[in-house]
Each structure stands twice: as C-alpha cells, then as structure tokens.
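In our numbering, the protein residues as written are 5 to 148.
Everything on this sheet refers to the single structure shown next.
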C-alpha cells in the first residue's frame, strides 16, 4: 500500500495485516546534486517495486528527506517510535546514501547505470529489490 488516499482507506480496512512501514530515505545537498538525484530516483524505484511485491503487508510512506549535513539518526529514531506507536511492528528505512547506511537502514547502492543497456539495468534493479525483500522477510521471521 502506498501513501495515497485510496490505499490509506484500504489500510484502515486491513490494518491487522499491514505490519510493516517502508520508508525511503532521500539525501539532498547543494553539492553533488546529480548524485543525490540519482540516489533519490533509485531508492524510490526500489521501494515502489518492493511495495508492489508485498502489497497488503507493507505500507510505503513518503520519503524521509534530509540534508546531508544533518544527523539523520535522531529523525530515524523519532520516525520509528511514531510508526510503532501507530501499530507498525516493523519499520524499515531504505537508502542509497552510503554515508548514513548502518544497521538502521537497508542499503541499496545507486550504481551509475545511465549508460548501461536496459537489460543490465533491469537485472541490477531486480537483484536489489530481492535484497530488500529478503531483508524484510528476515525481519518478519525474527520477530515471529
């Protein structure tokens, strides 16, 4: 389910089954803007695909957008607390920003693929979607 009016209505009907909040984390900065834009596009593509695969179990939230100079950990902690209080058992943050990637995040590197052929791009994206899906399944298995 996505952060749309229609899906939020559906969420309220099936709340007991939707136990995972998926939050893309998007860095922004005044330098390396193109690299940050690529990270954003990549992270959003991957999280949308994961949501599509796990529709009915996962709620895809709008991105947590932050300046690269920010200490993101405090915001991640705050979002985690708020989402858990709202009833989500699992809160997963996904990023392509290596500088913040730690155990709080599922890291999916945004590879420079603009000149790669379409088949290779799709293969890499599929692998990363599977990586995130595997991480979610591992979280679900450990908590149950």
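For every residue, glycine included, the Cβ atom is placed at its ideal position computed from N, Cα and C.
What you are looking at is a predicted structure, and each value in this text was computed from that prediction instead of being measured.
In its chain, beyond the 5 residues on either side, 65, 68, 97 have a beta carbon closer than 6 Å to the beta carbon of residue 27. Within the stretch 34 to 79, the runs of beta strand (DSSP E) that reach at least 3 residues and sit entirely inside it are, in chain order, 62 to 64, 68 to 71. For the set 71, 20, 91, the Cα lying nearest the Cα of residue 35 is the one of 71. Under DSSP, the beta-bridge partners assigned to residue 99 are 29, 111. Here residue 104 is not near residue 132, since their CB atoms are 7 Å or more apart. Residue 144 has its alpha-carbon roughly 21 Å from the corresponding atom of residue 29. Between residue 18 and residue 127, the alpha-carbon positions lie close to 33 Å from each other. Residue environment for residue 140: buried (at least 16 other C-beta atoms within 10 angstroms of its C-beta). With fewer than 16 other Cβ atoms from the protein chains shown falling within 10 Å of its own Cβ, residue 86 counts as exposed. Excluding sequence positions up to five before and after residue 62, its CB lies within less than 6 Å of the CB of 24, 26, 55, all in the same chain and listed in chain order. For residue 49, the CB contacts under 7 Å within the same chain, skipping 5 residues up- and downstream, are 129 in chain order.
A residue is called buried once 16 or more other Cβ atoms fall within 10 Å of its Cβ, and residue 43 is buried on that count. The continuous stretches of alpha helix (DSSP H) do not include residue 21, and DSSP gives it neither H nor E. Contact check for residue 5 and residue 57: beta-carbon distance about 12 Å, past the 8 Å limit, so the pair fails to qualify.
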